Amino acid sequence: MKSIHAAILIAATLCLSPLTVNAEGSLSVAEQAAIQAAMQRHIDRNLVDETVLYIDHETGEVRPLYPVTAHPMILAYGEHFVLCFDFRDDDGQNVPIDYYMARQDNGFVVFHTAVADRALLQTLMSDGKVTRLN
Numbered sequence: 007m008k009s010i011h012a013a014i015l016i017a018a019t020l021c022l023s024p025l026t027v028n029a030e031g032s033l034s035v036a037e038q039a040a041i042q043a044a045m046q047r048h049i050d051r052n053l054v055d056e057t058v059l060y061i062d063h064e065t066g067e068v069r070p071l072y073p074v075t076a077h078p079m080i081l082a083y084g085e086h087f088v089l090c091f092d093f094r095d096d097d098g099q100n101v102p103i104d105y106y107m108a109r110q111d112n113g114f115v116v117f118h119t120a121v122a123d124r125a126l127l128q129t130l131m132s133d134g135k136v137t138r139l140n
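One point on numbering: in the working numbering, the residue at position 86 of the sequence shown is 92, and numbering is uninterrupted.
Structure below.
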């Protein structure tokens, strides 16, 4: 997994221009790499024993989630972005995490994390507030 992280970070460092959406509603490969790298750095900084911890809303228990795969799709949310990453729980069940990201200086920060809450994203999409870029 570290080689994937390295590749994303290298691609991101090649992108010196700020992230912009062109008239066709897409991002360059370098821009996609920059925002994906920012999400990956956020995940890496928040790992506890190689897992993301979350509180199960139903049981109140702290549960570990294991990183599996980042989705290549990037969604636009006004001037912000939404990126998705698949995790697995201890039972091997997929648990999606949606990262809501904003620009900050020359980079990006995660301002909201939705664990196993696709209803929020689906509502924003059906209301036309979130759209697919690529």
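By construction, the Cβ of each residue, glycine as well, lies at the ideal position given by its N, Cα and C atoms. It should be emphasised that the depicted structure is a prediction, and the values quoted were computed from it without experimental measurement.
Spatial distance of residue i from residue j (CA atoms)
| i | j | result |
| --- | --- | --- |
| I80 | V88 | 6 Å |
| R51 | V121 | 17 Å |
| V136 | H86 | 9 Å |
| L130 | I103 | 15 Å |
| Y60 | D95 | 10 Å |
| E30 | E37 | Since pLDDT at E30 reaches only 42, below the 50 mark, its modelled position is unreliable, and the value read off the structure follows with that caveat. C-alpha separation (whole angstroms): 15 Å. |
| F117 | I41 | 13 Å |
| F114 | Y83 | 14 Å |
Endpoints, the beta strand (DSSP E) within which residue i is located
| i | result |
| --- | --- |
| A82 | V68 to Y83 |
| H86 | H86 to R94 |
| V54 | Counting along the chain, V54 falls outside any beta strand (DSSP E), and DSSP gives it neither H nor E. |
| T65 | Here T65 belongs to no beta strand (DSSP E), and DSSP marks it neither H nor E. |
Per DSSP, cross-strand counterpart(s) of residue i
| i | result |
| --- | --- |
| I103 | F91 and V121 |
| A108 | V115 |
Beta carbon proximity, residue i to chain B, threshold 8 Å
| i | result |
| --- | --- |
| D123 | Among the chains in the structure shown there is no chain B, since it carries only a single protein chain. |
Could you check whether the stretch 105-115 touches the stretch 51-62, counting it as contact only if at least three pairs of C-beta atoms, one from each stretch, sit closer than 8 Å?
Counting Cβ pairs under 8 Å, fewer than three are found: no touch.
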